[in-house]
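This report concerns only the one structure given below.
Protein chains: 2
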Amino acid sequence: MKNNRKATILNAMALNKKTQFSPLEVRLADFAKALSHPARVAILRVLAERQTCVCGEIVAVLPLAQSTVSQHLKDLKELGLIKGEIDGTRSCYCIDWNAFQEMKNLFQNLLGTLDEMGTKNGCC
Amino acid sequence: MKNNRKATILNAMALNKKTQFSPLEVRLADFAKALSHPARVAILRVLAERQTCVCGEIVAVLPLAQSTVSQHLKDLKELGLIKGEIDGTRSCYCIDWNAFQEMKNLFQNLLGTLDEMGTKNGCC
DNA sequence: ACTTATAATCGTAAATCTACGATATTAAAA
DNA sequence: TTTTAATATCGTAGATTTACGATTATAAGT
C-alpha cells in the first residue's frame, strides 16, 4: 500500500507553501525543476536533435540505468514538456513544442525583467 | 533479507551521477535548481526591483518563516547568484550580476538551440 | 507456443529539500 | 549594562528526488 499519507492537516499545510505563490511563479518553478538535472537536459537535447522520435536510444546515451531514464522521461511527460506514444514494442518520445514555447516565454520573461531592473538600479 | 548491498563506496557513487555529465550541463542544472522554487524566484525579483539592497524585507514579503527565507538566501548565495554583506545588525543582499549573466547565457543558449533544432526537424 | 526485446512499473535506500521553532549572535538603543 | 531587533544557525521532521535491481507487460520474432 503506497500513498499512506497520514498528514494531519497541520502537517499538510506546513509543507505546501508553494500554493502561496502565484500560479505563474509555480509554473516557472516547475519548468525550472525539469531542467534541474543534467540528465533531463540531455534528454531534451537528444529529443530535439534527432529527426525521428527516439525511445531507448536515450538510455544508450546516458550514464544511467534504464529504469532511471524511464523515470526521468515520466517526469518530463507529466510536466507536459514531452509526449510519448507506443510504437510496437518500443515507445517513442518527442518534445511538446507548445509546452516548450510556454517554458521559453516564462524564462525569457523572468530573465529579461530581472536584467532590465538590474541595469536600471545598480545597488551593489 | 534480499540483496544486502554492501560496498559503501559503491553506494556513494551510485548517487553522484551528476559528475558523469558535462560541467556546463551541471552548471545549468544548478542554476535551474535555484529557480525551481517560487520563493527563490520571488527573492530574486525583490532584490532586482528595489533600488537599495534589501535584507529582511524579503521575509515580510514572503509567506515563509524567517529561518526558511534565510536558508533560501544561503542557497542562492552558495550558488553565487546573490551576494550579501552585513550592515550593522541587518544584512544586505543583492544579485551578483556577473553570475546572473552567466545563468542567462546558459538558459538562452539551451532554449535557443533546442528551439532551432525543433523548427528544423519536426517529428511529432 | 516459446523466446526475445523493449520499456514501464514496483520496491527500496540514500540523499537532498522544505519548513519550522528554538537558539545563538551581534550591533544598536535604552 | 541591559534590552531590543535583525539574522544566522542548529536540530529536526516529513516530503521529495535520485538511483538501482527486480519484476511485469506486451509486441515481435522464431
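Residue numbers (the numbering used here), protein chains in the order written: chain L, 9 to 132; chain D, 9 to 132.
Every residue gets a Cβ at the ideal spot worked out from N, C-alpha and C, and that includes glycine.
The continuous alpha helix (DSSP H) containing D/Asp38 extends over residues 31–42.
L/Glu33 reaches chain D at Pro46, Val49, Ala50, counting residues in chain order whose Cβ is nearer than 8 Å. Neighbours of L/Glu57 in chain D, taken as residues at a C-beta separation under 7 Å, are given in chain order as Met125. Within its own chain, the residues whose Cβ lies closer than 6 Å to the Cβ of D/Cys100, once the five positions on either side in sequence are excluded, are Cys61, Cys63, Glu93, listed in chain order.
Per the coordinates, the alpha-carbon of D/Asn117 lies some 10 Å from the alpha-carbon of D/Glu124. For D/Asp95, the enclosing beta strand (DSSP E) starts and ends at 90–95.
Inclusion of D/Leu43 and D/Val49 in the CB contact set at 9 Å is warranted, their separation being smaller than that value. For L/Pro71, the number of other beta carbons within 10 angstroms of its own is below 16, and it is reported as exposed. Excluding residues up to 5 positions away in sequence, Leu114 lie with their Cβ nearer than 6 Å to the Cβ of D/Leu36 in the same chain. Distance check between D/Glu86 and each of D/Ser30, D/Gly120, D/Asp38, D/Phe29 places D/Asp38 closest, using alpha-carbon atoms only. Judged by DSSP secondary structure, L/Arg53 falls within the alpha helix (DSSP H) whose first and last residues are 46–57. Among the residues facing chain D, L/Asp83 is not included, as its CB has no counterpart in that chain under 9 Å away. Contact between D/Ala73 and L/Gly126 does not hold, since the beta-carbon distance rounds to 28 Å and is not under 8 Å. At a cut-off of 9 Å, the C-beta of D/Leu87 has no neighbouring C-beta in chain L.
When only Cα atoms are considered, D/Gly88 and D/Pro31 end up about 16 Å apart. Looking at the backbone, the Cα of D/Leu52 and that of D/Ser75 are separated by about 17 Å.
For D/Cys102, the uninterrupted beta strand (DSSP E) segment begins and ends at 98–103. Taking 9 Å as the CB threshold, L/Ile103 lines the interface with chain D.
With a contact defined as Cβ atoms closer than 8 Å, L/Asp104 and L/Lys91 qualify at about 5 Å.
For the C-beta of L/Gln28, the chain D residues within less than 7 Å are, from N- to C-terminus, Pro71. The beta-bridge partner set that DSSP reports for L/Val62 consists of L/Tyr101.
Neighbours of D/Ala68 in chain L, taken as residues whose beta carbon is under 9 Å from its own, are absent, since the nearest beta carbon is some 14 Å off. By alpha-carbon distance to L/Lys25, the top candidate from D/Leu81, D/Gln28, D/Lys25, D/His45 is D/His45.
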